[in-house]
Ligand SMILES: Cc1cc2nc3c(=O)[nH]c(=O)nc-3n(C[C@H](O)[C@H](O)[C@H](O)COP(=O)(O)OP(=O)(O)OC[C@H]3O[C@@H](n4cnc5c(N)ncnc54)[C@H](O)[C@@H]3O)c2cc1C
Ligand code: SF4
Ligand code: FES
């Protein structure tokens, strides 16, 4: 396949300028197999060194590079340029977080949401000499939630985080459920209290957008509903 | 002096080694801060797939395993260049470190009896690699980060270290840039633990993250610490054709087969007894030989062979290798349930690094190192899969403990730090203000391609000499380098430019050491000196930055205690 010429329309913002954010076009010849992240790196290295965006692994495991590509939230390193289906590729920062510069958003705001759910194992008893035994079947419940890479894609598509800055959000609630469902954890009662409120599990609209966008197949909505069911076993059936 | 912030223990690097050290120093009662250029969870440790070694004996075929056997495998795998007492520490303390991670919540996979699951890995006599699906690094990294949150350890996220401040053989602090604002500051520390990871990006084909540039190692070298065994660079046999994303050894551990363009398995020609499970260097050279002799596939990114797991079936692939399947689909458009994965060798791990002892102590007082940036010398000339995650845990803890113990008044006045800060600010400002000049990417690409070609998997005198010359020329060109972003906030162009200077130094040490070592040992394969030469070369290479900027090389004896030298055959 021939390399093809693409226009990258990138949302720029520089806190040092007095300007609002604006779009800037860059053109680039791109061979097949090249990802959006690789294209951004080439633009930065060859055309405009002032273009800022976060990245690290380039393999969809570190969670650095979530942004909006052609209108959809995605990891830039996992998105193929040629698969975009258009000659112009628009790129913007992840929504629902303040833009710090260009495609860099305020990650601290997102990560601080984890603190109230106390995301670490609080084991039921003293540590045994060897490992705690875990039935592989029982492990199936928390397992999907352990794969969260904290990329904030879900935060970027969630209608509740958009309107309620105090909402814990899908990632923190998924992390919360990861420990709630961990058979080794002994703090379930306290844990339920961390999220039992309008900015916690009851804030969720249950529209499942986080589940759809998650690059790691973490199902936050499912965890939120399971947590609600633990708090009020009878009442909650339909996510009300 | 108000310009200087003081810490008892400052950890540089938020990967597994750094976080483990931070927890240890904190638990020993010290005030700890972790300075890291990316958020800790973005560290390259999170990309580790296969697992972490410990002789737990959980596998049905692992009942007779012991730490001594693990030590033996490690030392043999190192081609006898590992310091034996250190390898013994690594393997003896392994079960305790792994159980501890489990107690802290790590999401290990389980056998039906509920114990931590273990899989076979290359170069190991028993299946002793403990795993968490094929995302072991991710799970360990997040678990340690959670433990740091629990302890409320302070993080200096997106701070980029540019210099270690040294006075009369003692490290007294660092100079670092806050990337979001561009502010350059100095931080004083009673003890500093370096945990900056590897420098794989010196090569063009590598499994390493973009951020693995070795800038912490380069800073230690610039401050006068010695680098050990830098010519030993591991090339992984199976990286995804094109992007060189790692396809874990666990894939072969689970039964994956290597086939060439003739659709035949070929490992019988190179390691008949263990076939695909031979150590990495042997498999990597086998693949390259198949390609070089015309039995591989050809493509724009070089030659490759096939790694086939179709016979394992969808069920096994989906439960034990889900991440690998996803990687193959996302980055090569291949579903391994239906088609073989195209693979080629690529740089993977740096055995060499900042020379240190079993407690992380380096040549400079108050400066410690652990993890991939260090060389305690447990891997010698070739690291076994699963041993480096282990190294981060075992020696991360030891370095953290030692740092806590040695923290105390440095006797260095703040004015020393302040004047170092002034020099660094001037240096960085001069760089940003240069305006016209060569862009870092131009030099970087030449270096990367040159290192892969001339100092890669197969080495010999003439290309290595060319590499050394090339690198001195590139260092010359680097004097005229100029970033084109003059801004302060998130100036990654500046960070990349600063890092390139260090990368050229590390590449220079690697090529110089490789040129001098006229033998083949482990990962260092000299076509013109195909034999291991214990009489002349059973020695560690020690590089110190000379007055003229080029490395001055010395040698030190390997510590050999229990395990007798043998031929390394599989
Ligand atoms: C793809 C892949 C898979 C692997 N799989 C396995 C496996 O299955 N088993 C195994 O045992 N090993 C594996 N390894 C090796 C192992 O993952 C690494 O050796 C190990 O994780 C390194 O950990 P670390 O803490 O030393 O460094 P890293 O995790 O690389 O962390 C380095 C830290 O240093 C910081 N840093 C760097 N420079 C600066 C600077 N200038 N200023 C401030 N901070 C800085 C970074 O921000 C980062 O936090 C794998 C390696 C790769 C590449
Ligand atoms: S749940 Fe998924 S989308 Fe949300 S932060 Fe975690 S990995 Fe990203
Ligand atoms: S760069 Fe790591 S997820 Fe994209």
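Protein chains in written order, with our numbering: chain A, 141 to 380; chain B, 32 to 601.
Just so it is clear, CB atoms sit at the ideal spot from N, CA and C, and this is done for glycine as well.
Quick check on the burial criterion: 16 or more other C-beta atoms within 10 angstroms. Buried or exposed for residue i?
i             : result
residue 159/A : exposed
residue 242/B : buried
residue 349/B : exposed
residue 461/B : exposed
residue 152/A : buried
residue 170/B : buried
residue 246/B : buried
residue 598/B : exposed
residue 271/A : buried
residue 156/A : exposed
Distance cutoff 8 Å, beta carbons only. Does residue i sit that close to anything in chain B?
i             : result
residue 142/A : no
residue 293/A : no
residue 271/A : yes
residue 204/A : yes
residue 186/A : yes
residue 290/A : yes
residue 252/A : no
residue 286/A : yes
residue 313/A : no
residue 276/A : yes
residue 207/A : no
residue 263/A : yes
Going by beta carbon distance, what residues of the same chain come within less than 8 Å of residue i, once the five residues before and after it are set aside?
i             : result
residue 331/B : none
residue 38/B  : 62, 63, 64, 218, 219, 220 and 221
residue 579/B : none
residue 266/B : 311, 312, 315, 376, 377, 378, 379, 487, 488 and 554
residue 346/A : 361, 364, 365 and 379
residue 583/B : 574, 575, 576 and 577
Are residue i and residue j touching if we call contact CB-CB under 8 Å?
i             : j             : result
residue 545/B : residue 131/B : no
residue 355/A : residue 291/A : yes
residue 419/B : residue 264/B : no
residue 161/A : residue 244/A : no
residue 581/B : residue 412/B : no
residue 99/B  : residue 228/B : no
residue 125/B : residue 89/B  : no
residue 313/B : residue 337/B : no
residue 383/B : residue 52/B  : no
residue 357/A : residue 284/A : yes
residue 260/B : residue 408/B : yes
residue 301/A : residue 295/A : yes
residue 406/B : residue 430/B : no
residue 141/B : residue 276/A : yes
If you measure from the beta carbon of residue i to each beta carbon in chain A, is any gap under 8 Å?
i             : result
residue 296/B : no
residue 180/B : yes
residue 419/B : no
residue 32/B  : Residue placement at residue 32/B is flagged as unreliable, the pLDDT there being 42, under the threshold of 50; the coordinate-derived value follows with that caveat. Not one chain A Cβ lies under 8 Å of residue 32/B.
residue 280/B : no
residue 443/B : no
residue 379/B : no
residue 209/B : no
residue 677/B : In the structure as shown, chain B starts at 32 and stops at 601, and residue 677/B therefore has no counterpart that could be examined.
residue 157/B : no
residue 78/B  : yes
Ordered along the chain, which non-local residues of its own chain (more than five positions away) have a Cβ less than 7 Å from that of residue i?
i             : result
residue 366/A : 317
Tell me whether residue i counts as near ligand 4, meaning its Cβ is closer than 7 Å to at least one heavy atom of that ligand.
i            : result
residue 68/B : Here the bound small molecules are ligand 1, ligand 2 and ligand 3; ligand 4 is not part of this structure.
Return the chain-ordered list of same chain residues with a C-beta closer than 6 Å to the C-beta of residue i, the five sequence neighbours on each side being excluded.
i             : result
residue 591/B : 115
residue 155/B : 104
residue 282/A : 318, 321 and 322
Run through chain E and tell me which residues come within less than 7 Å of residue i, C-beta to C-beta.
i             : result
residue 130/B : Structure shown: chain E not included; protein chains present are A and B.
Got a sec: which bits of the segment 151-173 of chain A sit with their beta carbon under 9 Å from any beta carbon on chain B, in order along the chain? 154, 155, 156, 171 and 173
Residues of the segment 167-195 of chain B whose Cβ lies closer than 7 Å to any Cβ of chain A, in chain order: 169, 170, 177, 178, 180 and 181
Could you list the residues in the segment 213-243 of chain A with a C-beta less than 8 Å from some C-beta on chain B, going in chain order? 218, 240, 241 and 242
Return the residues of the segment 189-201 of chain A that lie within a Cβ-Cβ distance of less than 7 Å from chain B, sorted by chain order. 189, 190, 192, 195, 196, 197, 198, 199, 200 and 201
When Cβ atoms are compared, which residues of the segment 231-247 of chain B fall closer than 8 Å to chain A? 240, 241 and 242
Counting only Cβ-Cβ distances shorter than 7 Å, please list the residues of the segment 351-368 of chain B near chain A, keeping chain order. 358 and 361
Taking any Cβ of chain B, which residues in the segment 337-361 of chain A have a Cβ under 8 Å from it, in chain order? none
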